[in-house]
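Working notes, structure below.
In this note's numbering, the protein residues as written are 9 to 454.
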């Protein structure tokens, strides 16, 4: 006998005829929810992403105002002073002549070699925040995709269980008729009843589990968990024969985590440069101050106004960092080791990424064989059930054998569905590991 590929249970007419849709009132129309729309809602309503966006805006604001690193220090003050003898002279006495006022304004500007690294660090901080934000969006999108396809698989599982329940109910109806006509005994009739109730129980459990998972998914999207929706999509898979080394060479440098690690090395290098210059390079401080007010020598607040304008020029030459073991010396030493640790982190991230890409491509190649085997098992199980049912109708096969073959057919169908879902998730994981879309991954295959 030649087996012809005929995944009947995957045919569109069967699937959509068996898909259970939650009951809705006449006023409520189910929302058609595609994967793209689900991803949009998740990106709009994810709280963690919103917080990251706030941090990104702050970093962008700082990067647009790098001149603030050059802005001089400005200070101003106003004051009143009251003084009176306590034990000398005539003792304490209140008089307006004991009240004096002061006003001052200062301006200081420090010239050192750390200004350039500080500006670059602010600009790099914005680039790092942007990379983190884009990576968070990408990871969220992948997670939404995996959950979306898992729900599609659960819905198809409901279809399989609904088909099994329908077969059990049909068999129960036949057994009831045969029992009334005296063709079978009470035992056969009770077995049919038990089989139908078991099929109903399995379907009810799966239906409740699907409703619960769908509700949780809707909450993630920012919708009410009782919102009537219909997930529109299918678990479409394509056989991928990928060369992991070629993928690594082409896409590894553009991974967000790799880019982030390189930015961290650059940032820490600038921090090291900044701390080294701050601890060892001379700095020049320019300052000017104006001060005025009434004289404190007497005459009170009405005394003639007097003021002074002063300027200063200070050259600071740090020496502590040149002495081994001092706090300043240790600070520079730690800055050097931080850069080395960041380089090691980059190497570790690259190794983990390459391992993941190689593992995923291998698993995809092997999993396709599993899908083909599962498909063949479905054909065998379906044909076996057809023949067993015919034998049961002719009285040549016991009911328990019929039930076993029906359960085996359901298991085979479920296994094929699980294998397809696992393959789809691996496709998503590989596209995520390469930082490209799933469609771009398929198009990149030879």
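Where a beta carbon is used, it is the ideal one built from N, C-alpha and C, also for glycine.
As the structure is a prediction and not an experimental result, all values here were calculated from the model.
- Of the candidates 88, 112, 59 and 46, the residue whose Cα lies closest to the Cα of residue 316 is 112.
- Secondary structure note for residue 376: it is in no beta strand (DSSP E), and the uninterrupted alpha helix (DSSP H) holding it is 335-401.
- DSSP, reduced to helix, strand and coil, places residue 178 within a helical segment of the structure shown.
- In the three-state DSSP reduction, residue 127 falls in the helix class (H, G or I).
- Contact between the region 156-165 and the region 192-199 is not established, with fewer than three Cβ pairs separated by less than 8 angstroms.
- DSSP, read as helix, strand or coil, puts residue 170 in helix.
- Considering only 127, 227 and 384, the residue with the shortest C-alpha distance to residue 54 is 227.
- In the three-state scheme derived from DSSP, where H, G and I count as helix and E and B as strand, residue 426 is classed as helix.
- Remark: C-beta atoms of residue 375 and residue 430 approach each other more closely than 8 angstroms.
- Contact annotation, residue 130 with residue 289: C-beta distance approximately 20 angstroms; criterion of less than 8 angstroms not satisfied.
- Secondary structure note for residue 291: its beta strand (DSSP E) is the uninterrupted segment 291-302.
- In this structure, residue 139 and residue 332 do not form a Cβ contact; the two beta carbons are roughly 38 angstroms apart against a cut-off of 8 angstroms.
- Residue 442 is not a Cβ neighbour of residue 278, given a cutoff of 8 angstroms.
- In the three-state DSSP reduction, residue 237 falls in the strand class (E or B).
- Per DSSP, the beta bridge partners of residue 321 are 294.
- Looking from the CA of residue 245, the closest CA among 39, 432, 446 and 448 belongs to 432.
- Counted as a single uninterrupted DSSP element, the stretch harbouring residue 122 is not any alpha helix (DSSP H), since DSSP gives it neither H nor E.
- The secondary-structure analysis by DSSP pairs residue 89 across a beta bridge with 108.
- Note that the C-beta distance between residue 446 and residue 435 is below 8 angstroms.
- Taken atom to atom, the span from the alpha-carbon of residue 79 to that of residue 319 is near 18 angstroms.
- Burial is judged here by how many other beta carbons sit within 10 angstroms of a residue's own beta carbon; residue 211 has at least 16 and is buried.
- Taking the CA atoms as reference points, residue 334 sits about 18 angstroms from residue 282.
- According to the DSSP secondary-structure assignment, residue 315 is paired through a beta bridge with 300.
- Membership of residue 267 in the alpha helix (DSSP H) is indicated by the continuous run 264-288.
- DSSP places residue 40 inside the beta strand (DSSP E), whose first and last residues are 39-41.
- DSSP, read as helix, strand or coil, puts residue 248 in coil.
- At the C-beta level, residue 51 and residue 141 stay beyond 8 angstroms of one another.
- Listed in chain order, the non-local C-beta contacts of residue 155 below 7 angstroms within the same chain comprise 225, local neighbours out to five positions each way being set aside.
- Sequence-distant Cβ neighbours of residue 41 in its own chain, meaning closer than 6 angstroms and more than five residues away, are 237 and 239.
- Scanning its chain for C-beta atoms nearer than 7 angstroms, with the 5 sequence neighbours on each side dropped, one finds around residue 82 the residues 115, in chain order.
- By the C-beta criterion, the region 171-184 is judged to be in contact with the region 406-419, since at least 3 inter-stretch pairs fall below 8 angstroms.
- In its chain, beyond the 5 residues on either side, 122 have a beta carbon closer than 6 angstroms to the beta carbon of residue 286.
- In its chain, beyond the 5 residues on either side, 396 have a beta carbon closer than 7 angstroms to the beta carbon of residue 409.
- Straight through space, the alpha carbons of residue 56 and residue 69 are spaced by roughly 20 angstroms.
- With 16 or more neighbouring CB atoms inside 10 Å of its own CB, residue 427 falls in the buried class.
- Shown here for residue 268: same chain residues with a beta carbon closer than 8 angstroms to its own, the five before and five after excluded, namely 136, 139, 140 and 143 in chain order.
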